[in-house]
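For the sequence shown, the numbering used here gives the first residue as 52, with consecutive numbering after it.
Read the structure below first, then the notes.
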Amino acid sequence: VHILKHPLEIPPPSEKDWLKDDKEDFFLQDPDREHDALPQPFRMVNKLVTLVFENAMEIIERREMLQEAEKLKVQPTNCFPTAEFQVTGRANCLAVSGKYIFVGLSEGLAAFTVFNWEEVCAWDAVNMEICAIRALDLENEHHILLAVDEMGLVWFFCFHKESFRLIKILNEVEDISRRSACVEVVLSPGGDYAGFLLQGNTKAWLEIYRLPKDSWLKEMEKSSGAAAGLAHWRRRSTAISMADVFLLQESPVSATKADAKLSLPVLLLKVKPPKPVTGSSFKSPLDALKKVDDDIMLGLGYNHLIKDSQWEQQEGIFCSTYPECLEAEGERKNKEEIPRHATFHFLLPSQILQVQPEMKVQPDVPAGISVHWDGSHNLCFYLLNHPLKDKVDSDPKPGVVWPCAAPIVCSAVSSCSRYLALAYEDATITIWDTHLGYPLSVTAILEERLIRSIHFL
């Protein structure tokens, strides 16, 4: 019998028997893979490769979701040209009026038909390059064309029975140093008025013309009748003597006289940019109120009691308070700089355009224009329905002025001429009801956004 000398005890653990950190879950591992574990640095490479594959799968899944979302959207229709036609020279611009397409070329004008794309007429009497065209169909295949060449000259044309007729060159002067260039042309919807923004060497102004379209229709019908009679007379005189030929040589002269020049457009308004607001010379509020009776419109900011010294003091306080803003903007523009660009629209009769009682108002004929100059807070309305004067007022006063909280950047008018949209420098858009004269909505765009143009759809 073997007898133990000491009682049974649990032996103390030793460090060599401790479980390692990577062997704590040994009971979950496959016994067959116990000897297949990768050593370092291969385990790190394995983890990196696995991470790359997981990220790639996430990107693939995200792109597949975007592709599925794109398939659910309405796809735009791809339009392909159905026909093409060749022009002489380089085509710079075009306009569609009725069944004709008028193309401004590097040398002159050309007219094409919409149906078979054939050239029916070309005008290249003067070597000029047409840069912009505005066309409007009056009636009975009579069309008005306004073409601007590379020198900024405006050419008035009438197109009738597949022939161009030059009416007038608007801003042609003998002294080239005094020539003004046209930078914008606007035709009213019915063809009753036309507006031109002209720029000289140091100034700019807006001219509004009344177009005698009724007289043009009658005069072109008479001239076409005279031309038809002349052609009939030529056909009858094919077998006549030389003496008769000499008599017939005078017929074209008489036909030219019968084909008299068309009536010229009438200058209605000449709008100049607003003058910069300067210090007041009034000594009391009563003097400023008396000035209102002299046909000066409220809202332009001319009638005030602020002295020049107060302007200078206010500017000094602003410059000392916000120097970092002035440095960020760079060199500030001179406040007295006269603007050289304006945006204008023709407006139909409405409540804000109060026409004189003796003037007849037609619902489809513009009654006024809205004008705003670059950097200006004011939207000015000018009336068009007033008696013609022998001498056009060089500085007409607006009929209505809408002061705005920020400078107006761009504007747009709806096709019905009732709604007017104004966009400001602070990225705010206001929709006005011109018939009632109050805003319908005010929308603020995200910060640090600049609005360049606005349109009604």
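Each residue gets a CB set at the ideal place from its N, CA and C atoms; glycine is no exception.
A quick note: this is a predicted structure, and the numbers were derived from the prediction, not measured.
Delimiting residues of the alpha helix (DSSP H) encompassing residue i
{"i": "Q513", "result": "This structure gives no information on residue 513, because the portion of the chain shown stretches from 52 to 508."}
{"i": "K122", "result": "93 to 123"}
Contact check, residue i vs residue j, beta carbons under 7 Å
{"i": "P390", "j": "W362", "result": "no"}
{"i": "A478", "j": "I502", "result": "yes"}
{"i": "L257", "j": "P447", "result": "no"}
{"i": "G242", "j": "K264", "result": "yes"}
{"i": "E170", "j": "A176", "result": "no"}
{"i": "F395", "j": "A463", "result": "no"}
{"i": "L473", "j": "I459", "result": "yes"}
{"i": "H486", "j": "C455", "result": "no"}
{"i": "L248", "j": "S231", "result": "no"}
{"i": "F210", "j": "L196", "result": "yes"}
{"i": "L262", "j": "P316", "result": "yes"}
{"i": "L313", "j": "I218", "result": "yes"}
{"i": "G330", "j": "I403", "result": "no"}
{"i": "A142", "j": "V154", "result": "yes"}
{"i": "L318", "j": "Y260", "result": "yes"}
{"i": "E112", "j": "G140", "result": "no"}
Spatial neighbours of residue i in its chain, beta-carbon cut-off 6 Å, leaving aside the 5 residues before and after
{"i": "S239", "result": "F397, P417"}
{"i": "P490", "result": "T481, W483"}
{"i": "P90", "result": "none"}
{"i": "E498", "result": "none"}
{"i": "V237", "result": "G246"}
{"i": "V234", "result": "L248, Q250"}
{"i": "A255", "result": "R391"}
{"i": "S266", "result": "S314"}
{"i": "M95", "result": "none"}
{"i": "G426", "result": "P390, P458"}
{"i": "E476", "result": "A457, P458, V460"}
{"i": "T494", "result": "I480"}
{"i": "S492", "result": "I482"}
{"i": "S468", "result": "L398, L399"}
{"i": "V224", "result": "R230"}
{"i": "L471", "result": "V464, W483, T485"}
Same chain, Cβ closer than 7 Å to residue i, five either side skipped, listed in chain order
{"i": "R500", "result": "A478"}
{"i": "Y433", "result": "L320, V322, G419, I420, V422, P447, P449, G450"}
{"i": "V412", "result": "P400, V406, A418, N436"}
{"i": "S465", "result": "F507"}
{"i": "F215", "result": "L160, C172, W174, F208"}
{"i": "V100", "result": "none"}
{"i": "E115", "result": "none"}
{"i": "R285", "result": "Residue placement at R285 cannot be trusted, given a pLDDT of 39 that sits under 50; what the coordinates show is reported in the next sentence. Excluding sequence neighbours, R285 sits near nothing in its chain."}
{"i": "K358", "result": "G330, S331"}
Limits of the beta strand (DSSP E) - the one that residue i falls within
{"i": "A176", "result": "Unbroken run through A176: none, as it is neither H nor E."}
{"i": "G246", "result": "244 to 250"}
{"i": "F397", "result": "393 to 398"}
{"i": "P390", "result": "It is not in any beta strand (DSSP E) - P390 carries neither H nor E in the DSSP assignment."}
{"i": "T494", "result": "489 to 495"}
{"i": "H194", "result": "193 to 200"}
{"i": "I220", "result": "215 to 220"}
{"i": "H211", "result": "205 to 211"}
{"i": "I259", "result": "255 to 261"}
{"i": "V237", "result": "232 to 238"}
{"i": "V322", "result": "317 to 322"}
Contacting residues, own chain, Cβ-Cβ under 8 Å from residue i (five flanking each side not counted)
{"i": "N252", "result": "S228"}
{"i": "Q365", "result": "none"}
{"i": "Q118", "result": "none"}
Check: Between the segment 163 to 172 and the segment 181 to 200, do three or more beta carbon pairs fall short of 8 Å?
Finding: In short, these stretches do not touch, since the Cβ pair count stays below three.
Checklist line | Contained alpha helix (DSSP H) runs [length at least 4] in the segment 419 to 482, N- to C-terminal order | finding: If we require 4 residues or more, the segment 419 to 482 turns out to have no alpha helix (DSSP H) run fully inside it.
Notebook entry, point to check: Counting Cβ pairs, one atom from each stretch, are 3 or more of them under 8 Å apart for the segment 183 to 199 and the segment 145 to 159?
Noted result: Taking 8 Å as the limit for Cβ pairs, the verdict is that the segment 145 to 159 does touch the segment 183 to 199.
Next item on the list: Kindly provide the ranges of any beta strand (DSSP E) runs that are 3 or more residues long and lie completely inside the segment 129 to 172, ordered along the chain.
Entry: As far as the segment 129 to 172 is concerned, its whole beta strand (DSSP E) runs of at least 3 residues are 142 to 148, 151 to 156, 159 to 164.
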